[in-house]
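Novice: My structure is below; once you've seen it, I'll send some questions.
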Amino acid sequence: MLLLAASGGRVAALLCLRATAADAVRITGRGGGALRCRGAAIPRRRAIPMRPMPMLAAASSSSSTSSTSPPAPSSPLDAVSSDQALAHPTLASLDQKALERTTRYLDLVLKANSEGLNMTAVRSRGPALLRHCADSLDLLPLLDREEERWREEARNRAKNDGNDGPEKGSKVGFRVVDVGSGGGFPGAALAAARPEWHFVLIDALRKRCDAVADAVKKAGIRNAEVLWSRAEEAAAVVASPPPPPSDDDDDGKEGNSSSSSSSSSLRESSPVVVARAVAEMRTLAELCLPLVEVGGAWISPKGPPGDNSQLELEVEAARKAISLLGGEIELIETLPPLISGAPGRSVVVVRKVKGTPAKYPRGNNLPGRRPL
């Protein structure tokens with residue numbers, strides 16, 4: 000990065016090799032000192048008068064040549080076409096109606112993105128199908144296991160109370176909360192694939208919530224609700240789930256989901272809470288575990304596994320906070336790369352073994368500013 004500093008009417012060019020524009024903190028004025036950057040202190044050098052650079056024609060020629068050649072993809076995922084993405088085993092295994100809901104939702108999100116809303120950093124359909132839809136839906140085997148565990152426990156509780164409990168195979172009543180849903184992933188994609196479950200998608204940005212609610216409705220995803228709320232406030236307010244789907248809910252009609260806030264509490268009432276790529280685990284623990292019912296699970300998709308990896312360090316740093324909030328790390332499951340050459344993926348599963356103390360989560364963005 001080239002930084003220019005003025006001194007005594009002359010201009011000095013300083014090359015900061017380790018800093019970015021966001022890193023520059025202070026440029027000293029007249030009389031000495033140093034330009035300070037995070038991680039670097041650059042001594043003040045003698046100023047050298049700038050001269051015209053006889054490279055304009057060459058630069059212009061190079062620029063016109065490079066403008067005709069698109070930059071090379073930075074990841075194998077960026078070069079994937081829509082057809083290639085749809086052949087991914089997770090997407091290919093969906094039934095036709097679930098796939099239609101999923102792709103219709105993604106197309107609406109990308110359209111909103113093109114109109115100026117910050118829904119996702121992925122702009123192309125093929126990469127988005129993998130990075131968002133397939134990556135989200137790869138959580139389904141874990142969620143299916145959690146649903147069966149939850150239903151078995153519900154039947155056992157009902158039997159002890161002299162009731163029959165929920166019918167085996169019935170999925171109505173199972174709720175998943177998506178914290179920091181952003182553009183609606185993984186929550187909306189999971190809702191498209193599991194229309195019998197209830198989903199609550201929580202995000203703090205009102206415009207994004209409205210756009211997600213509109214896309215969910217137009218995609219015919221009838222079993223999801225979008226909540227405009229900060230995650231640390233969601234333990235106090237959340238709307239009740241939408242009504243169970245009817246037999247016509249898979250015909251492509253618009254759903255009834257909406258962006259809302261409500262007065263009924265979600266605290267310790269959801270069998271599963273998911274949070275995908277939102278924050279580090281110490282922060283996420285305080286945002287997610289208060290929403291999980293005792294016996295339920297917080298599921299957190301993360302990056303590549305491995306000894307001494309960033310994931311391992313992050314999990315170790317979060318153990319104390321997780322225990323304080325009533326959780327216990329149960330397993331770290333490894334997922335295969337989305338395509339050959341892409342990085343691996345992991346999912347951390349935290350079991351809620353006891354109630355969360357009433358003073359958590361803290362407000363005023365403390366979970367992010369001062370993690371436990």
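Under numbering that gives the first Met the number 0, the first residue of the sequence shown carries the number 0, and numbering increases by one thereafter.
Cβ coordinates follow ideal geometry from the N, Cα and C atoms, glycine included.
All values reported here derive from a predicted model rather than from experimental measurement.
Could you tell me how far apart the beta carbons of alanine 111 and alanine 210 are, in whole angstroms, since I believe they sit closer than 8 Å?
Specialist: That pair is a contact at about 5 Å.
Novice: From alanine 223 to serine 180, what distance separates their C-alpha atoms?
Specialist: Straight-line Cα distance between these residues: approximately 12 Å.
Novice: Ends of the alpha helix (DSSP H) at glycine 186?
Specialist: Glycine 186 -> alpha helix (DSSP H) spans 186 to 192.
Novice: May I ask you to check if the CB of arginine 154 is nearer than 7 Å to at least one heavy atom of the ligand GDP?
Specialist: With respect to the ligand GDP, the structure offers nothing, as it holds no ligand at all.
Novice: Are the Cβ atoms of proline 342 and proline 370 separated by less than 8 Å?
Specialist: Not a contact, by the Cβ cut-off of 8 Å.
Novice: Quick check for students: name the residue ranges of the beta strand (DSSP E) that lie wholly in the segment 265 to 318, counting only runs of 3 or more.
Specialist: Qualifying beta strand (DSSP E) stretches, in chain order: 269 to 273 and 291 to 301.
Novice: Closest by CA to proline 270, which one among Glu114, Lys358, Ala153 and Thr101?
Specialist: When each option's Cα is compared against that of proline 270, the closest is Ala153.
Novice: State the Cα-Cα distance for the pair lysine 353 and leucine 324, rounded to the nearest angstrom.
Specialist: Looking at the two C-alpha atoms, the distance is approximately 8 Å.
Novice: In the DSSP assignment, the alpha helix (DSSP H) including lysine 358 goes from what residue to what residue?
Specialist: From DSSP, lysine 358 is part of no alpha helix (DSSP H); its letter is neither H nor E.
Novice: Which of the three DSSP states is assigned to aspartate 160 in this structure?
Specialist: In this structure, aspartate 160 counts as coil in the three-state DSSP scheme.
Novice: Could you check where the beta strand (DSSP E) with arginine 344 kicks off and where it finishes?
Specialist: Note, arginine 344: beta strand (DSSP E), 344 to 351.
Novice: Checking 8 Å against the spacing of the C-beta atoms, do glutamate 267 and alanine 320 come in under that value?
Specialist: No, they are not a contact pair.
Novice: Rounded to whole angstroms, what's the CA-CA distance from glutamate 315 to glycine 295? Just pull it up for me.
Specialist: So the two alpha carbons sit approximately 21 Å from each other.
Novice: For proline 336, tell me which candidate among Pro88, Asp82, Ser81 and Glu145 has the shortest Cα-Cα distance.
Specialist: Looking at the Cα atoms, Pro88 is the closest of the given residues.
Novice: Helix or strand or just coil, what does DSSP make of alanine 230?
Specialist: Correct three-state label for alanine 230: helix.
Novice: Taking C-beta to C-beta, are alanine 234 and leucine 265 nearer than 8 Å?
Specialist: Yes, they are a contact pair.
Novice: Of all the options Ala127, Tyr104 and Asp137, which has the alpha carbon lying nearest to the alpha carbon of serine 92?
Specialist: Among Ala127, Tyr104 and Asp137, the Cα nearest to that of serine 92 is on Asp137.
Novice: For serine 81 and alanine 317, what's the separation of their Cα atoms in angstroms?
Specialist: Approximately 38 Å, taken between the alpha carbons.
Novice: Given this structure, state the Cα-to-Cα distance separating alanine 274 from alanine 86, to the nearest angstrom.
Specialist: Looking at the two C-alpha atoms, the distance is approximately 26 Å.
Novice: According to the Cβ coordinates, are alanine 218 and alanine 191 closer than 8 Å?
Specialist: Their beta carbons are under 8 Å apart, which means alanine 218 touches alanine 191 by this criterion.
Novice: Three-state secondary structure (DSSP) at aspartate 177?
Specialist: Residue state, collapsed to three classes: strand.
Novice: Let me confirm a value: threonine 333 is counted as buried when at least 16 other C-beta atoms fall within 10 Å, else exposed. Which label applies?
Specialist: Classification for threonine 333: exposed.
Novice: I believe serine 308 touches valine 346 by the beta-carbon criterion, under 8 Å. Please report the beta-carbon distance rounded to the nearest angstrom.
Specialist: Not quite, the Cβ-Cβ distance comes to about 14 Å (not below 8 Å), so this is no contact.
Novice: Please classify threonine 67 as buried or exposed, where buried requires at least 16 neighbouring CB atoms within 10 angstroms.
Specialist: With a pLDDT of 43 at threonine 67, under the threshold of 50, the predicted position of this residue should be treated as unreliable, though the coordinate-derived value follows. Its Cβ having fewer than 16 others within 10 Å, threonine 67 is exposed.
Novice: Once DSSP output is grouped into helix, strand and coil, what is the label at valine 108?
Specialist: In the structure shown, valine 108 sits in a helix (DSSP, three-state: H, G or I).
Novice: Which two residues bound the contiguous alpha helix (DSSP H) that contains aspartate 213?
Specialist: First-last of the alpha helix (DSSP H) with aspartate 213: 205 to 217.
Novice: Tell me which same chain residues have a C-beta within less than 6 Å of the C-beta of leucine 204, skipping the five on either side of it?
Specialist: If we look at leucine 204 and ignore the five residues flanking it on each side, it has no Cβ neighbours.
Novice: According to the neighbour-count rule (16 or more other Cβ atoms, all chains shown, within 10 Å of its Cβ), is leucine 128 buried or exposed?
Specialist: With 16 or more other Cβ atoms within 10 Å, it is buried.
Novice: Taking glutamate 292 as the reference, give the member of Arg350, Ala278 and Thr282 with the closest Cα.
Specialist: Considering only alpha carbons, the answer is Arg350.
Novice: Which value, in whole angstroms, describes the spacing of the CA atoms of glutamate 114 and arginine 122?
Specialist: Between glutamate 114 and arginine 122, the C-alpha separation is close to 12 Å.
Novice: What does the Cβ neighbour count give for serine 135, buried or exposed, with the cut at 16 atoms within 10 Å?
Specialist: Classification for serine 135: buried.
Novice: Note down the Cα distance separating threonine 102 from arginine 148, rounded to an integer number of angstroms.
Specialist: Taking the straight line joining both Cα atoms gives about 30 Å.
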